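In terms of this note's numbering, the sequence shown opens at residue 9 and continues consecutively. Here's the structure we're looking at; comments come further down.
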Amino acid sequence: MTENSKQNETLISGNAPLFLVEDMIIDRFSPMYWRVDGPQTMSFAITDYENGFEASFRSRATTDLVGVSWDSHDSKDHQFLAYETKYDYSGMVWDFDIELSPSMPVLNNETLTPTLTIQYTENDQTKVAYVVLFNYANQPSSRTSHIQIDWDSVKAGFSATDSFPVSNIQRISFSGFTSSYNGHSTIPLAQAEDGYIRITNSVTTGVNAKLVLKRVSIAPHDYGICSSYDDHYDLNPKRIVSNMAALGYQGFVNHYCGMSKYPEMSWQSDIGKWQIPDTLTTNENVVNPCARKWHEHFAEALHNVGMQPIFGVSFEMYSLGANEFWAQRDWKNNLGRTGYEPPSYFFSMSDQSALAYLNKVFVEFADMMNIGGCDVFMQIGEPWWWYNQGSNLPCIYDYQTKLAFNADTGLYAPDLGTIYEAMNKTGTPYDEFKAWLRNKLGQTCRDIRSTVKAQYPSAQVCPLIFFPTIRTEIETLVTDINYPSEHYSYPNFDFIMTEAYDWILEARLNTAYQAVSTIPTQDLNYPENKVAYLAGFVPDETIAHVYGFDKTKPYRTPIWQRVFGDMSNNDSLELMKQFIWAYPQVMADSIVIDAAQLPNTFYVGNTPYTAITDDTPYPPEIYL
Numbered sequence: 009m010t011e012n013s014k015q016n017e018t019l020i021s022g023n024a025p026l027f028l029v030e031d032m033i034i035d036r037f038s039p040m041y042w043r044v045d046g047p048q049t050m051s052f053a054i055t056d057y058e059n060g061f062e063a064s065f066r067s068r069a070t071t072d073l074v075g076v077s078w079d080s081h082d083s084k085d086h087q088f089l090a091y092e093t094k095y096d097y098s099g100m101v102w103d104f105d106i107e108l109s110p111s112m113p114v115l116n117n118e119t120l121t122p123t124l125t126i127q128y129t130e131n132d133q134t135k136v137a138y139v140v141l142f143n144y145a146n147q148p149s150s151r152t153s154h155i156q157i158d159w160d161s162v163k164a165g166f167s168a169t170d171s172f173p174v175s176n177i178q179r180i181s182f183s184g185f186t187s188s189y190n191g192h193s194t195i196p197l198a199q200a201e202d203g204y205i206r207i208t209n210s211v212t213t214g215v216n217a218k219l220v221l222k223r224v225s226i227a228p229h230d231y232g233i234c235s236s237y238d239d240h241y242d243l244n245p246k247r248i249v250s251n252m253a254a255l256g257y258q259g260f261v262n263h264y265c266g267m268s269k270y271p272e273m274s275w276q277s278d279i280g281k282w283q284i285p286d287t288l289t290t291n292e293n294v295v296n297p298c299a300r301k302w303h304e305h306f307a308e309a310l311h312n313v314g315m316q317p318i319f320g321v322s323f324e325m326y327s328l329g330a331n332e333f334w335a336q337r338d339w340k341n342n343l344g345r346t347g348y349e350p351p352s353y354f355f356s357m358s359d360q361s362a363l364a365y366l367n368k369v370f371v372e373f374a375d376m377m378n379i380g381g382c383d384v385f386m387q388i389g390e391p392w393w394w395y396n397q398g399s400n401l402p403c404i405y406d407y408q409t410k411l412a413f414n415a416d417t418g419l420y421a422p423d424l425g426t427i428y429e430a431m432n433k434t435g436t437p438y439d440e441f442k443a444w445l446r447n448k449l450g451q452t453c454r455d456i457r458s459t460v461k462a463q464y465p466s467a468q469v470c471p472l473i474f475f476p477t478i479r480t481e482i483e484t485l486v487t488d489i490n491y492p493s494e495h496y497s498y499p500n501f502d503f504i505m506t507e508a509y510d511w512i513l514e515a516r517l518n519t520a521y522q523a524v525s526t527i528p529t530q531d532l533n534y535p536e537n538k539v540a541y542l543a544g545f546v547p548d549e550t551i552a553h554v555y556g557f558d559k560t561k562p563y564r565t566p567i568w569q570r571v572f573g574d575m576s577n578n579d580s581l582e583l584m585k586q587f588i589w590a591y592p593q594v595m596a597d598s599i600v601i602d603a604a605q606l607p608n609t610f611y612v613g614n615t616p617y618t619a620i621t622d623d624t625p626y627p628p629e630i631y632l
């Protein structure tokens, strides 16, 4: 990054500067701003390597191919942290060194030729050109070479004969694949194959070689931020941390390790499915090496700026590699499943293989935090017994749960009906089953804490509780069994994480405040400074309808006003930390926090908004 060319000051009313936005000059193709993505059967990560980047990947099927991309338009960053949009690549020369892993074909392989894919627009149509890299390499028969691309003369095709316009390029991508790649036939590989692409010594020269990068400077404030691996697995973790620090976030960061991108899995030909490992019998690693590398770099980057992550692991099992024998099921033997497509399932708390797997997930993520130089802080869950919302049937009848209940009590698991009908079923064996389920959840969480502390005695471990689940207007079975208060009470855990976003989306801020101000401290005996709170969230356009909002209307800012109002209400409680959920929403809406104007004012880009702290209804026009 070179010296900044100028400074822009964003002003509030009056003349006092709110924050500085500098215009920095960077090389186009700056290493930190590349992305990586690919099919769900693959694992991949992009991280710093020397003065460039490394895109590492794991292939599990013959058609697995990962794209390592530079976007001409930065859609991933806050408006005060984004690089300039510039589609014109003319007048520019790009020099760089490339290193391909031994598992990849050499540059001039005749059938599997490494290329740079160019996505461009011509006459309002999206087109693709394939630049064959060996034509521009000084060692074309190698996997390691210096490459020079003059965008005014570059041509596509194996023999570099096909011209294409370079004045409106949307994206360029390297392709990562192993020598087993076959684009015409999807067959699971006998075993996973690892690879990497390393790009170093990248230099751009010429008229379009540089980009303006916005870099905001915001004074530190006390609010925290959340991140989620499933939301930004494709980004360099250092980019995320750099943005967090620039926006004034400090101290704790709440990070959800996700459920769809971290699992290791392999093809089981006898059942024709991908499966996560049965670590109870094999002791295999459960987190794939790419997710491991990403999280180690993430923890290290946070540590380097004085931040401390809390890694959260849920009880969800992604359907692609799920072992369905380990999953919660309802009375009709249906899998407990989320409403997402593809869905996720939920680990049974009675299956020993499932519990061994889940405990190992926690330990492996704790290892990554430790390797990154951080203290170990782990969040459990949200842990729960699920229910299927279409039928309202609780998912408490997987075979191992029925066996365990019988073994512990001598009773047989009764049909409780729906989560509503269950409240009218009392006496033996109904009361015993409900109490047993509640105790099973609490003990499972305490066992996870013990497992983590066996490896890291000073580790801090908490459960996550979702207030709208345990404080419903009509009490249901899940209200009862998902709140094992005796187990969750202090000091059985080191601190507690809480959230109430449903109520914020319903403009019920008083209800949220009553819950956070009483349940953790009065019901569970936690000191206020050991209570953390996840504030938010703002649904994106794909799920706005789930909460009744019209995605075509300006629904987002009114939600932000209540998110900040909710946190403002809680400021007097002296909580351990309040975290904004989450990083992608902060980036998308360019949220700015000025400590001097908290708790009443926040910014969406340059525009100030007032926090709403009461139950003022949402504007009717933003609803469906």
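Cβ atoms here follow ideal geometry from the backbone N, Cα and C, with glycine treated the same way. Keep in mind it's a predicted model, so treat the numbers as computed, not measured.
Around the C-beta of Lys340, fewer than 16 other C-beta atoms lie within 10 Å, and the residue is accordingly described as exposed. Considered as a whole, the region 499-529 harbours 504-507 as its complete beta strand (DSSP E) runs of no fewer than 3 residues, in chain order. A check of alpha carbon separations from Tyr591 across Ile512, Pro297, Pro627, Ser250 identifies Ser250 as the nearest. Fully enclosed beta strand (DSSP E) runs of no fewer than 3 residues occupy 385-388 of the region 366-417, in order along the chain.
Annotation: Leu606 to Pro391 spans about 33 Å, alpha carbon to alpha carbon.
Selection Ile318, Trp393, Cys382 evaluated against Met357 yields Trp393 as nearest (Cα-Cα).
Going by beta carbons, Gly573 and Leu517 fall inside the 7 Å limit. Looking at Phe142, Gln127, Tyr204, the one whose alpha-carbon comes closest to that of Lys135 is Gln127. Bounds of any beta strand (DSSP E) do not take in Leu243, whose DSSP letter is neither H nor E. Nearest C-alpha to Gln451 among Ile427, Ser466, Pro492: Pro492. Its chain contains Ile504, Thr506, Tyr534, Val539 as the residues whose beta carbon lies nearer than 7 Å to that of Pro528, once the 5 sequence neighbours on both sides are disregarded; these appear in chain order.
Shown here for Glu107: same chain residues with a beta carbon closer than 7 Å to its own, the five before and five after excluded, namely Arg151, Thr152, Arg206 in chain order.
At the C-beta level, Asp338 and Val211 stay beyond 7 Å of one another. Residue burial annotation: Leu343 is buried, with at least 16 other C-beta atoms found within 10 angstroms of its C-beta. For Val74, the enclosing beta strand (DSSP E) has its first and last residue at 74-79.
For the region 290-343, the continuous alpha helix (DSSP H) assignments of 4+ residues that do not extend past its boundaries occur at 297-312, in sequence order.
CA-to-CA, the gap between Asp383 and Ala374 works out to about 9 Å.
In the DSSP assignment, Met100 falls within the beta strand (DSSP E) that extends over 100-108. For Ala462, there is no enclosing beta strand (DSSP E); the residue is part of the alpha helix (DSSP H) that begins and ends at 438-463.
In the DSSP assignment, Gly573 falls within the unbroken alpha helix (DSSP H) covering 564-578. Between the region 188-195 and the region 211-230 there are fewer than three inter-stretch CB-CB distances shorter than 8 Å, so the stretches are not counted as touching. If only uninterrupted beta strand (DSSP E) runs of at least 3 residues are considered, those enclosed by the region 213-275 are 218-225, 232-236, 260-264. In the DSSP assignment, Asp45 falls outside any alpha helix (DSSP H) and lies within the beta strand (DSSP E) extending over 43-45. The criterion of a C-beta distance shorter than 7 Å is satisfied by Phe370 and Ile456. The three-state reading of DSSP puts Leu424 in coil, since its state is none of H, G, I, E or B. Apart from the 5 residues on each side of it in sequence, His303 sits with its Cβ closer than 6 Å to the Cβ of Met376 in its chain, given in chain order. Straight-line spacing of the CA atoms in Ser38 and Ala543 works out to 34 Å.
The C-beta distance from Tyr264 to Gly320 rounds to 5 Å, short enough to meet the 8 Å contact threshold.
When the five nearest sequence neighbours on each side are left out, the beta carbons in the same chain lying within less than 7 Å of the beta carbon of Pro351 are those of Ser327, Arg345, in order along the chain. Distance check between Pro228 and each of Met252, Leu243, Ile473 places Met252 closest, using alpha-carbon atoms only.
Rounded to the nearest whole angstrom, the CA to CA distance from Tyr57 to Asn296 is 20 Å. Boundaries for Glu582: no beta strand (DSSP E) harbours it, and the DSSP string shows neither H nor E there. Selection Gln530, Ile512, Asp79 evaluated against Thr624 yields Ile512 as nearest (Cα-Cα).
Leaving aside the five residues that flank Glu440 on each side, the residues in its chain whose CB is nearer than 7 Å to its CB run, in chain order, Thr417, Leu419.
When the beta-carbon positions are compared, Asp502 and Pro476 stay at least 7 Å from each other. Asn432 carries a helical assignment under DSSP once its states are collapsed to helix, strand and coil.
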